[in-house]
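Participant: Numbering (the numbering used here), first residue to last: 2 to 262.
Sharing a structure below in structure tokens format, with a few things to ask.
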Ligand SMILES: C[S@@+](CC[C@H](N)C(=O)[O-])C[C@H]1O[C@@H](n2cnc3c(N)ncnc32)[C@H](O)[C@@H]1O
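Below, the structure is given as structure tokens:
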């Protein structure tokens, strides 16, 4: 019979002399606890400290920019991986939109423009909530519009078109409600886009623009963009969306249609 001696170093390395496996398991538990503590500390750092928030914004913006203008495979990944998680946001936005239109007396056959409509899921949610609305989804990416186009209706109530936020193909004052989710931070010329939104909104109309808090413009950034767009910083309200698990990750920018001169 061969006897195997246990050295001190083996014991400290967690080798279990009785072969019960408890030493190894204990070591594993310690490593897991250390890992979870590190993750927790990192989470607290990124959420509660200014440098941490700035780091997470930089990383998130970099990751987001990898989507390559939503051409395939980015559009396919978005349609199949991300959009399915956003149902709660789309329903909430449709509710907000309906409330705003009622409040403004614009709820009869409103003309709605969704800028950066992507796969068109928000347009569908809006059409369920606002049965007689005419909604156009506009997007820079033909690849994303391949998904959205499946929701188009033959009566023209729901339409989708290629277009740029910075050059909207609509007459002045032609739109009751401009809506947008998760697109603003992608707009190459945000000031031109805001000026265009202000132009196409009818007096008394409203724009509701939602973006992920982590990626959205900070108040001072938005104030600069508003100034470049020829607007006052105070014309654009910024507020947290709150509500459910998904919606609370978003902020909303609100811009009122300019009153008639
Ligand atoms: C993250 S996706 C969001 C899609 C959709 N709104 C949603 O919430 O699921 C961003 C979309 O904005 C579009 N986009 C980016 N820049 C744009 C611009 N300047 N004008 C119009 N659409 C734009 C992209 O092509 C992409 O489909």
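Idealized CB from N, CA, C, for every residue including glycine.
Bear in mind that the values here come from a model prediction, so they are computed numbers and not experimental data.
With a threshold of 8 Å, are at least 3 pairs of Cβ atoms found where one atom belongs to the stretch 132 to 143 and the other to the stretch 239 to 257?
Facilitator: No: fewer than three Cβ pairs fall under 8 Å.
Participant: What is the rounded straight-line gap between the Cα of residue 169 and the Cα of residue 201?
Facilitator: Counted from its first residue, the chain shown places residue 169 at position 168. Counted from its first residue, the chain shown places residue 201 at position 200. The straight-line gap from Cα to Cα measures roughly 8 Å.
Participant: Per DSSP, residue 208 is paired with what?
Facilitator: Your numbering for residue 208 matches position 207 in the chain shown. Answer is 179 and 256.
Participant: Could you give the distance in angstroms between the alpha-carbon of residue 84 and the alpha-carbon of residue 223?
Facilitator: Residue numbering aside, residue 84 sits at position 83 when the chain shown is read from its first letter. Residue numbering aside, residue 223 sits at position 222 when the chain shown is read from its first letter. C-alpha separation (whole angstroms): 26 Å.
Participant: Considering only residues of the same chain and omitting the five flanking positions on each side of residue 187, which have a CB-CB separation below 7 Å?
Facilitator: Within the chain shown, the letter at position 186 stands for residue 187. Result list for residue 187: 117, in chain order.
Participant: Does DSSP put residue 135 in a helix, in a strand, or in coil?
Facilitator: Sequence index remark: in the chain shown, residue 135 carries index 134 (1-based). If DSSP states are grouped into helix, strand and coil, residue 135 belongs with the strands.
Participant: What are the boundary residues of the alpha helix (DSSP H) that residue 221 is part of?
Facilitator: On the chain shown, position 220 is the one that residue 221 refers to. Per DSSP, residue 221 belongs to the alpha helix (DSSP H) from 220 to 229.
Participant: Quick one: using the 10 Å Cβ neighbour count with 16 as the cut-off for buried, is residue 3 buried or exposed?
Facilitator: Residue numbering aside, residue 3 sits at position 2 when the chain shown is read from its first letter. Note on residue 3: pLDDT 41, under 50, position unreliable in the model; no value is reported.
Participant: How about the stretch 108 to 127 and the stretch 227 to 238: do they share at least three Cβ pairs that are nearer than 8 Å?
Facilitator: No contact exists between the stretch 108 to 127 and the stretch 227 to 238.
Participant: For residue 117, is the beta carbon positioned less than 7 Å from some heavy atom of ligand 1?
Facilitator: To locate residue 117, count along the chain shown from 1; it is residue 116. At least one heavy atom of ligand 1 is nearer than 7 Å to the Cβ of residue 117, so yes.
Participant: Roughly how many angstroms lie between the CA atoms of residue 178 and residue 246, to the nearest whole one?
Facilitator: Counting from 1 along the chain shown, the entry for residue 178 is found at position 177. Counting from 1 along the chain shown, the entry for residue 246 is found at position 245. Spanning the two alpha carbons is a distance of roughly 26 Å.
Participant: Between the C-alpha atoms of residue 185 and residue 107, what's the straight-line distance to the nearest angstrom?
Facilitator: Within the chain shown, residue 185 is the residue found at index 184, counting from 1. Within the chain shown, residue 107 is the residue found at index 106, counting from 1. Taking the straight line from one Cα to the other gives about 25 Å.
Participant: Check the C-beta distance from residue 96 over to residue 130 and give it rounded, since I have them as a contact under 8 Å.
Facilitator: By one-based count along the chain shown, residue 96 stands at place 95. By one-based count along the chain shown, residue 130 stands at place 129. Right, the Cβ-Cβ distance comes to about 7 Å (below 8 Å), so this counts as a contact.
Participant: Out of curiosity, what's the CA-to-CA distance linking residue 51 and residue 89?
Facilitator: Residue numbering aside, residue 51 sits at position 50 when the chain shown is read from its first letter. Residue numbering aside, residue 89 sits at position 88 when the chain shown is read from its first letter. Cα to Cα, the separation comes out at about 29 Å.
Participant: Who does residue 163 pair with in a DSSP beta bridge?
Facilitator: As a working note, residue 163 is residue 162 in the chain shown. DSSP output for residue 163 lists 140 as bridge partner(s).
Participant: Can you tell me whether residue 102 is buried or exposed, with buried defined as 16 or more other CB within 10 angstroms of its CB?
Facilitator: Taking the chain shown and counting its residues from 1, one reaches residue 102 at position 101. With 16 or more Cβ atoms within 10 Å of its Cβ, residue 102 is classed as buried.
Participant: What runs of the alpha helix (DSSP H), each 4 residues or longer, lie entirely inside the stretch 28 to 107?
Facilitator: Counting only runs of 4 or more, we get 51 to 66, 75 to 78 and 88 to 104.
Participant: DSSP three-state call for residue 236: helix, strand or coil?
Facilitator: As a working note, residue 236 is residue 235 in the chain shown. Of the three classes helix, strand and coil, the one that applies to residue 236 here is helix, per DSSP.
Participant: Contact defined as beta carbons within less than 8 Å: I believe residue 210 pairs with residue 254. What is the distance between those atoms, to the nearest angstrom?
Facilitator: Indexing the chain shown from 1 puts residue 210 at position 209. Indexing the chain shown from 1 puts residue 254 at position 253. Contact flag correct, Cβ pair sits at about 4 Å.
Participant: Go through its chain and collect everything with a Cβ distance to residue 159's Cβ below 7 Å, but skip five positions before and after it.
Facilitator: For this step, residue 159 is matched to residue 158 along the chain shown. These residues qualify, in order along the chain: 124, 128, 136, 152 and 153.
Participant: Measure the alpha-carbon distance for residue 31 versus residue 24 and round it to whole angstroms.
Facilitator: Translated into positions along the chain shown, residue 31 becomes position 30. Translated into positions along the chain shown, residue 24 becomes position 23. Whole-angstrom Cα-Cα distance: 11 Å.
Participant: Assign residue 184 to one of three DSSP states: helix, strand, or coil.
Facilitator: Reading the chain shown from its first residue, position 183 is the one you call residue 184. Here residue 184 sits in coil by DSSP.
Participant: If you compare alpha carbons, which of 59, 157, 121 and 156 is closest to residue 145?
Facilitator: Along the chain shown, read from residue 1 onward, the residue named residue 145 stands at position 144. Comparing Cα-Cα distances from residue 145 to each of 59, 157, 121 and 156, the minimum goes to 121.
Participant: Since residue 193 is in the alpha helix (DSSP H), which residue starts that stretch and which ends it?
Facilitator: By one-based count along the chain shown, residue 193 stands at place 192. Residue 193 -> alpha helix (DSSP H) spans 191 to 201.
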